[in-house]
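In my numbering, the protein residues as written are 29 to 417.
Okay, structure coming up:
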């Protein structure tokens, strides 16, 4: 198995990080071996310098904000989301553009983090620096509180996991107030979402059956590591991308398995864009988010400029704050079909290239601090409850 994955990584331009072994998963252009090796794209941009805690100056916004396709018919959200929507109807519209971090709140969090003592490490704990949240599907809405804040129904359809109250008008304060979640640990109040996947033959949604969110270090050192600030918003991927995703392409869905098999599928859909999985394998997708932050902004006009990928085991001077790298490991209860699938972000093209993910990060701050220090700074493997025994 190891030689197969290493060959696959070499052919798809992926760099590996060492660790321990548990479950093997892989994606075109990005491979994660959960508990085996942390991995990230070999195309992380830019040169890097050591990461100071102090924030750097603002960087200019880039063009090309992620804009969705026409909204699909909305489905019902849970009661908690309805309550939040009612509240949002009379609340002030959510902020957009360059959203500054609350400097006093961030300093207080950093001070608490620096003063925090690490817990004793139990025997047998792995050396992969990460903690995680395991989430289940929550609800589907044509909303996007990052790209279209306050504008209900303005997005293509999204499938949400985590915080159950998320609507277009959701703010960081809402995430801390309406804390019912489909994630474990329950101290993770964040909202995570991706475009809804549809069966091309039936036009019925195929919802996620598993959604693991890793918070990890992609670098060989955790020097200067800090937690994430509450309210941080990020997007990975590009909803406007329209390229085929044939066998071997980067950015395709892949087949996850627990034994030998073909990561790209034993066959392909008629248009070639979707794998058909053999054996017990089902469709999966991996999304990797940046691990460096500018230290000043919780969001930016294109939802990407306030964060960057690190390189050379450090963050660039423009984004000096080393934060945990979020990775979405998404599972779908489908094996693939001749007709294939389409994403709500590209119904016509029916490729996987428009796949993208949003993270609206809000945790109990003490839990975020403790997990970051115990698991990432100490470079130890943690599960949903802390150290992995």
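Just so it is clear, CB atoms sit at the ideal spot from N, CA and C, and this is done for glycine as well.
Check, Outcome
"The beta strand (DSSP E) enclosing residue 302, as first and last residue numbers", "Unbroken run through residue 302: none, as it is neither H nor E."
"Buried versus exposed call for residue 366 [16 or more other C-beta atoms within 10 Å across all chains shown]", "exposed"
"Pair within 8 Å by beta-carbon distance, residue 175 and residue 334", "no"
"Short Cβ contact (8 Å threshold) for residue 371 with residue 255", "no"
"Closest Cα partner of residue 162 within the set 369, 356, 143 and 385", "356"
"Exposed unless 16 or more other CB atoms sit within 10 angstroms - verdict on residue 261", "buried"
"Delimiting residues of the beta strand (DSSP E) encompassing residue 202", "Element bounds for residue 202: not the beta strand (DSSP E) but the alpha helix (DSSP H), 200–205."
"Alpha-carbon to alpha-carbon, residue 386 and residue 379", "19 Å"
"Helix, strand or coil at residue 402 [DSSP, three-state]", "helix"
"Inter-residue Cα distance where the pair is residue 291 and residue 280", "11 Å"
"Bounding residues of the alpha helix (DSSP H) (the contiguous stretch that carries residue 391)", "No alpha helix (DSSP H) holds residue 391; DSSP gives it neither H nor E."
"Rounded C-alpha distance that separates residue 397 from residue 338", "21 Å"
"Span of the alpha helix (DSSP H) around residue 134", "131–143"
"Residue from 408, 376, 323 and 399 whose Cα sits closest to the Cα of residue 134", "323"
"Contacting residues, own chain, Cβ-Cβ under 7 Å from residue 236 (five flanking each side not counted)", "165, 187, 189, 358, 359 and 360"
"Length of the line joining the Cα atoms of residue 285 and residue 230", "26 Å"
"Residue 154 versus residue 216 - alpha carbon distance", "23 Å"
"Inter-stretch contact at 8 Å, needing at least 3 Cβ pairs: the segment 167–183 / the segment 239–255", "no"
"Coil, strand or helix - residue 188 by DSSP", "strand"
"Exposure label - residue 265; buried when at least 16 CB within 10 Å", "buried"
"Short Cβ contact (8 Å threshold) for residue 354 with residue 321", "no"
"DSSP three-state assignment for residue 238, whether helix, strand or coil", "strand"
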